[in-house]
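Colleague: I'd like to ask some things about the structure below.
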Amino acid sequence: MRVIIPLHITGFWYVVESYNPVFTGSLGAGITLDPPVIAEESSYDCELLINDECVVSPVIVTARKLAQISSDSGVSLRSKVALGNGYGLSAASTLAYLIIKTGNTNRYTLNKVSITAHVAEVLNKTGYGDVIAEFYGGGLVLRTQPGPPSIGSVDIIPVSKSLKVVTVVLGSLTTTEMMLRYGFKINEVGKSVYRKFLEDTTIESFVDLAHEFSLSVGMLSNDLDTLLKSKLSKYLSNGCVLGYFIKKKLLTVIVEDECLVEVTDVLSRYVGLPKVFNIARHGLIVMPK
12 MRVIIPLHIT
22 GFWYVVESYN
32 PVFTGSLGAG
42 ITLDPPVIAE
52 ESSYDCELLI
62 NDECVVSPVI
72 VTARKLAQIS
82 SDSGVSLRSK
92 VALGNGYGLS
102 AASTLAYLII
112 KTGNTNRYTL
122 NKVSITAHVA
132 EVLNKTGYGD
142 VIAEFYGGGL
152 VLRTQPGPPS
162 IGSVDIIPVS
172 KSLKVVTVVL
182 GSLTTTEMML
192 RYGFKINEVG
202 KSVYRKFLED
212 TTIESFVDLA
222 HEFSLSVGML
232 SNDLDTLLKS
242 KLSKYLSNGC
252 VLGYFIKKKL
262 LTVIVEDECL
272 VEVTDVLSRY
282 VGLPKVFNIA
292 RHGLIVMPK
């Protein structure tokens, strides 16, 4: 079995808590990315391999226990990104792991598996909306009801195929660390920004509000904001760069394809190593043997 899952970067959100982790989640919006995570069963003595490196994941351990499955075989993932950088890889790896490990059991349906993955993420405080966003995919994903697929809900906003997403990893910050540092501001600013987005659900509005969110919360510093405005001013003024924002320590820039080379050159010279992604028009894909 092969499982294909897009990555996901949230632009803004706020957490909706419940006594039951199934109903805990977040409302917000984010973009799904290609190249996706590609996962298959592994014969190695390792529960989770990411790019041939054995990774010990508390989320995977929780998911395995919740699903009551054995650890006698593992899952191997290929991904362009690493864990802990804001791409939603934790959710993608957990979802892929559960699908592959339960694929031959009577407990296997995609909704059941996604609920377990979501609960494992919530219990470990590693994600509140990535599972449902990656499950459905489609481009710009608006989370309209918290929770996993079949309980939560999303709406999909189509975006132009000419748009690219350029990211620069500026450091590492776990979701738990992020919520401890910025949690109050995330929920305060997130509610306001989310309401604004519902009035104008365009990609341009998304980028503007994600910028406002990351600056107000404190993930985007004033110094970096000033630098980016200066170095990208030509592209911002002519509309070739729609805008930028930061989630955790991940700089995300939305760029028209026509100026992609120039913008990545600017970012590499002044900010860091850029990675280029397409906006994924698909969600979860399962390819049985």
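Adding 11 to a residue's 1-based position in the sequence shown gives its number in my numbering. No residue lacks a Cβ here, since even glycine has one placed at the ideal position from N, Cα and C. If you're wondering where the values come from, they're calculated on a predicted model, not measured in any experiment.
#1: Can you tell me whether L88 is buried or exposed? The criterion is at least 16 other CB atoms within 10 Å of its CB, across all chains shown.
#2: When we look at the beta-carbon of L238 and count the other beta-carbons within 10 Å, is it buried (16 or more) or exposed?
#3: Could you give the DSSP three-state label for H19: helix, strand or coil?
#4: Once DSSP output is grouped into helix, strand and coil, what is the label at Y25?
#5: Enumerate in chain order the residues of its own chain whose CB-to-CB distance from F34 is below 6 Å, with the five nearest sequence positions on each side excluded.
#6: Which residues does DSSP pair with M190 in a beta bridge?
#7: Would the stretch 101-112 and the stretch 124-143 be scored as touching if the rule is three or more Cβ pairs under 8 Å?
#8: I61: which of H19, T105 and C270 sits nearest, CA to CA?
#9: Can you tell me the Cβ-Cβ gap for V152 and V165, rounded? I've got them flagged as a contact below 8 Å.
#10: Contact check, S161 vs N96 under 8 Å by CB: the rounded distance?
#11: CB D141 to CB G99, shorter than 8 Å?
#12: Can you list, in chain order, the residues of its chain whose CB lies under 6 Å from that of A144, leaving out five sequence neighbours each side?
#13: Which residues in the same chain have their Cβ closer than 8 Å to the Cβ of M12, if we skip the five residues on either side of it in sequence?
#14: Starting from L336, trace the alpha helix (DSSP H) both ways and give me its first and last residue.
#15: In whole angstroms, what separates the C-alpha of Y205 from that of Y25?
#16: Would you mind giving the Cβ-Cβ distance between I16 and A103, rounded to the nearest angstrom? I have them listed as a contact below 8 Å.
#17: Who pairs with P285 in a beta bridge, going by DSSP?
#18: Could you check if P69 is buried or exposed, using at least 16 other CB atoms within 10 Å of its CB as the buried criterion?
#19: Apart from the five residues just before and just after E267, which ones in its own chain have a Cβ nearer than 6 Å to its Cβ?
#20: Between which two residues does the beta strand (DSSP E) holding T263 run?
#21: K258 lies in the alpha helix (DSSP H); which residues open and close that run?
#22: According to the Cβ coordinates, are R280 and G149 closer than 8 Å?
#23: Return the residue from the list I257, E64 and L209 that minimises the CA-CA distance to C167.
#24: Short check: CB of F256 to CB of V176, under 8 Å?
#25: Can you tell me the Cα-Cα spacing of S227 and L59, whole angstroms?
#26: Using the Cα positions of L295 and V14, report the straight-line distance between them to the nearest angstrom.
#27: Looking at C-alpha atoms only, which residue of I265, V282, C65 and M190 is the closest neighbour of T213?
Modeller: According to the structure data:
#1: Label assigned to L88: buried.
#2: L238 comes out exposed.
#3: DSSP, reduced to helix, strand and coil, places H19 within a strand of the structure shown.
#4: Three-state DSSP puts Y25 in a strand.
#5: Result list for F34: G158, in chain order.
#6: DSSP lists no partner for M190.
#7: Contact between the stretch 101-112 and the stretch 124-143 is present, because at least three Cβ pairs lie under 8 Å.
#8: The shortest Cα separation from I61 among H19, T105 and C270 belongs to T105.
#9: The Cβ separation is near 5 Å, so the contact holds.
#10: Between S161 and N96 the beta-carbon gap is near 29 Å, outside 8 Å, which marks them as no contact.
#11: The Cβ atoms of D141 and G99 lie closer than 8 Å to each other.
#12: Result list for A144: H19, G41 and V152, in chain order.
#13: Non-local beta-carbon contacts of M12 in its own chain, meaning distances under 8 Å to residues more than five positions away in sequence, involve E51, E52, I110, I111, G114, V297, M298, P299 and K300 in chain order.
#14: Since the displayed the chain opens at 12 and closes at 300, residue 336 lies outside it and no answer follows.
#15: Cα to Cα, Y205 sits roughly 8 Å from Y25.
#16: About 4 Å separates the two Cβ atoms, so the contact holds.
#17: Per DSSP, the beta bridge partners of P285 are V179.
#18: Residue environment: P69 is assigned as exposed (fewer than 16 neighbouring CB atoms within 10 Å of its CB, all protein chains considered).
#19: Closer than 6 Å at Cβ, skipping near neighbours: S173 and C251.
#20: Note, T263: beta strand (DSSP E), L261 to E267.
#21: Under the DSSP assignment, K258 falls outside any alpha helix (DSSP H), being part of the beta strand (DSSP E) whose first and last residues are V252 to K258.
#22: Against a cut-off of 8 Å, the Cβ pair of G149 and R280 comes out as no contact.
#23: With the sequence shown as reference, residue 167 is identified as Ile, and Cys is not the correct amino acid for it. With distances taken between Cα atoms, I167 lies closest to L209.
#24: Not closer than 8 Å, so no.
#25: Computed Cα separation, rounded: 37 Å.
#26: If you take the alpha carbons of L295 and V14, they lie about 7 Å apart.
#27: Of the listed residues, the one whose Cα sits closest to T213 is I265.
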